[in-house]
Structures are given as C-alpha cells and as structure tokens.
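Protein chains: 2
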Amino acid sequence: MANQLSHLDQVFAALADPTRRAIVMRLCAGEASVGELAEPFEMALPSFMKHIHVLELSGLVQSEKSGRVRTCRLSPEALVGAEDWFQHQRAIWEARLDRFEAYVIKLKKERAAAKRPSKATDKTTNKPGKRKGTE
Amino acid sequence: MANQLSHLDQVFAALADPTRRAIVMRLCAGEASVGELAEPFEMALPSFMKHIHVLELSGLVQSEKSGRVRTCRLSPEALVGAEDWFQHQRAIWEARLDRFEAYVIKLKKERAAAKRPSKATDKTTNKPGKRKGTE
DNA sequence: TAATTGGTTAGCCATGTAGCTAACTATAGG
DNA sequence: CCTATAGTTAGCTACATGGCTAACCAATTA
Chain A
0 MANQLSHLDQ
10 VFAALADPTR
20 RAIVMRLCAG
30 EASVGELAEP
40 FEMALPSFMK
50 HIHVLELSGL
60 VQSEKSGRVR
70 TCRLSPEALV
80 GAEDWFQHQR
90 AIWEARLDRF
100 EAYVIKLKKE
110 RAAAKRPSKA
120 TDKTTNKPGK
130 RKGTE
Chain B
0 MANQLSHLDQ
10 VFAALADPTR
20 RAIVMRLCAG
30 EASVGELAEP
40 FEMALPSFMK
50 HIHVLELSGL
60 VQSEKSGRVR
70 TCRLSPEALV
80 GAEDWFQHQR
90 AIWEARLDRF
100 EAYVIKLKKE
110 RAAAKRPSKA
120 TDKTTNKPGK
130 RKGTE
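Protein chains in written order, with numbering that gives the first Met the number 0: chain A, 0 to 134; chain B, 0 to 134.
Next comes the structure, spelled out in structure tokens:
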C-alpha cells in the first residue's frame, strides 16, 4: 500500500508535464514507435527519450524493441490507479458534503420550526460537484 | 482550454508529492488551520507552508486568514478537472479496446468458419480495465 | 561493404523544488 | 504592556528536471 502510494508520486509527476500528457493521449489511440511519437514535438530526440523514460518508470507506458525500432504502448493499470485515487477522495468529500447538507437542512428545519412553523423549503445548499455515481 | 491544460500541469505537479496528497486527503474530511494540518508532519513550518502555497497556486486549496490563524479548505473544482482528464483518456482507450476486441472476435470467427465450422467460443480477449460505466 | 535510419549514451547547463535556520510581524491572553 | 502563539519572509543548500549537443551503436538498405 505504501508502495502503491509512492507509485502515485511517479504517475502524477509524469502527468504533470504537457509533453508527457500528450504522449499518453496519443498512446490512448494506439501503440506507436518512438519516432512517430516524437514527430509532433520540436525537441531533440534525447530530450524526448527522457520523457518516454519517465513514463516507463511511472508504469504508464511499456515499450519493446524489435529490430531498431522501439514500440510504445499504454499500460493502463497505472492510469486507473491514479483515477481511483481521485474517486476515493471524491467519495470522501462528497460524503462530507452530504452530511453537511443534511446538517444544514436539519438546521433550517429547526429554525423554521422555531420561528415560523411553515414554509421550510429553502434551496441555498447547492453542492458544487455532484457528478455521476458517487458509489 | 489551453489555459485549463496548463492548469492541469499545476494540479498534477501538486499531487505528485505525498505530503501534499496527504494534505488534500485531510482537507477532504473538512477544513483546518495551517497548524492543524502541519502537526502530523515532522517538517519545519516554512517548508510546510511552501506545500500549502503550491496547493493554492494549483487551485486545489483555498485559504483565508482571520485573526492570526489561516484556515484552509479544499476547492474541489481543480480535483474534478483532473479526474475528468482521466475519464476522458479512459473513454478513448476503452473505445479502442472495444474496437480491437470486436476485430479479434471477428477474426476468430472467420478463422473458425474457414477451418472448422464449429466451436468458435474462445475467451482470449480479457480487457484489463473494463470498470464501471464507460459512459 | 558503405551509407542511412532509429535510437541511445554521455555530459553539459539553467531552472525549479524541497528542505533547513534565523529573524520578523501580528494577534490573543494574562 | 508583556509574552506566547501562529504565520510569514528572507536566504541558504542540495538535488531533481528539462532542455541541449556530440558522439556512438545497431539494424536496414543500396
């Protein structure tokens, strides 16, 4: 688990660079050689290779050399692991928001009941990010 | 859009550090002062403050000072933006995998039909990451 | 076998990042 | 008013990162 966490370090660090994100996006559409991947970038090959290397270390990309051409492909497990982290965090703060919302609603109800025992339907609590299945 | 992308740089870079990830996780559970946040870490305050600053620049965290205590809270929009990036990439490569799988199945069907017109139920195509609703 | 192509290694440089200490500001409490 | 508390600013060091050039394999291909 701690191992997995330090792996997240590398995955997020890898994705923090626009060049590397572009490479990942490109590889989502299918495997490609280093040369093909490098072509859209105005960058010397050795510099570009460093990015590939970082992506490989992070586990996001695998590559294999046959003949003199190295073919790269995405290995989605790392990507999925990072996405899981987000979903986990989101679950936590959405749970908290739900509790908070419930609390606010309860509060409003009580205040309404105390002051004016009618018309307790207020809509001030718009949660910012309720998206898809919170699970 | 390009603006949003360069913002992703900062968000991912912010999350590439275990200290900062821990801060974000902590803030998912509710807001806290700088001192409270810093307490679990064996780190000098100025060093810790740098992490807070990075998180603020990335848009993941907002803070506000009242009196002599600065209270930090999560601002989930940035987190959600990063999560969206993952989901978008996943949608792309899952679509590709689906296409590939369909192709393989078609291929197998054709081969089976050509060689032995029976027993065409093979299960070599296990997609690694079919998770939840692809949308 | 000689030349080209595709990648790799080595090494340099500028900048950024993570940590520290020391000294400072400003509020809260006595 | 004095002291302790909570952050903040300034400035330092060490190391990581992103880029470059130059030179170097190793497969194709002519």
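C-beta: ideal position from N, C-alpha, C; glycine also.
Of the choices the options, whose alpha-carbon is the least far from that of residue i?
i: M24(B); options: L78(B), F85(B), S62(B); result: L78(B)
i: R67(A); options: S32(A), A21(A), V10(A), D97(A); result: S32(A)
i: K18(B); options: D16(A), T18(A), R20(A), S5(A); result: The sequence shown places Thr at residue 18(B), rather than the Lys named in the question. Selected option, being the one with the closest Cα: S5(A).
i: W92(A); options: A37(B), R72(B), S62(B); result: R72(B)
i: R69(A); options: A43(A), R89(A), M48(A), A13(A); result: M48(A)
i: D16(B); options: G34(B), S57(B), Q86(B), R89(B); result: S57(B)
i: A29(A); options: A12(A), H52(A), Q61(A); result: The sequence shown places Gly at residue 29(A), rather than the Ala named in the question. Nearest C-alpha to G29(A): Q61(A).
i: L96(A); options: C27(B), I22(B), F85(B); result: C27(B)
i: R89(B); options: P45(A), L36(A), K64(A), D83(A); result: D83(A)
i: K64(B); options: Q9(B), F11(B), G34(B), V10(B); result: G34(B)
i: P39(A); options: F85(A), F11(A), Q86(A), I22(A); result: I22(A)
Taking buried to mean at least 16 other C-beta atoms within 10 Å of its own C-beta, is residue i buried or exposed?
i: S74(A); result: buried
i: L7(B); result: buried
i: H50(A); result: buried
i: E41(B); result: exposed
i: R98(B); result: exposed
i: N125(B); result: Residue confidence for N125(B) is low, a pLDDT of 37 falling below 50, so the modelled location carries little weight and cannot support an answer.
i: R20(A); result: buried
i: L14(A); result: buried
i: A94(B); result: exposed
i: P127(A); result: Here the model assigns P127(A) a pLDDT of 39, short of 50, so the residue's position is not dependable, and the following value carries that caveat. P127(A) should be labelled exposed.
i: E76(A); result: exposed
i: A81(A); result: buried
i: L59(B); result: buried
i: L44(B); result: exposed
Taking residue i as the query, report the chain A residues whose CB atoms sit under 7 Å from its CB, ordered along the chain.
i: P45(B); result: The contacting residues do not exist; P45(B) stays about 22 Å from chain A at best.
i: L14(B); result: F11
i: F85(B); result: L78, A81, E82, F85
What are the residues that DSSP puts in a beta bridge with residue i?
i: T70(A); result: S32(A), E63(A)
Output, in chain order, the set of chain A residues within a Cβ distance shorter than 8 Å of residue i.
i: G29(B); result: R95
i: V53(B); result: Neighbours of V53(B) on chain A: none; closest Cβ ~11 Å, over 8 Å.
Under 7 Å Cβ-Cβ, which residues of chain B neighbour residue i?
i: I91(A); result: C27, A28
i: Q88(A); result: V23, M24, C27, L78
So residue i contacts chain A; which residues on that side make the cut at Cβ distance below 9 Å?
i: P17(B); result: L4, S5, L7, D8
Checklist entry - Which residues, in order along the segment 68-79 of chain A, keep a beta-carbon less than 8 Å from a beta-carbon of chain B? => result Contacts with chain B (Cβ-Cβ distance below 8 Å) from the segment 68-79 of chain A involve L73, P75, E76, L78, V79, listed in chain order.
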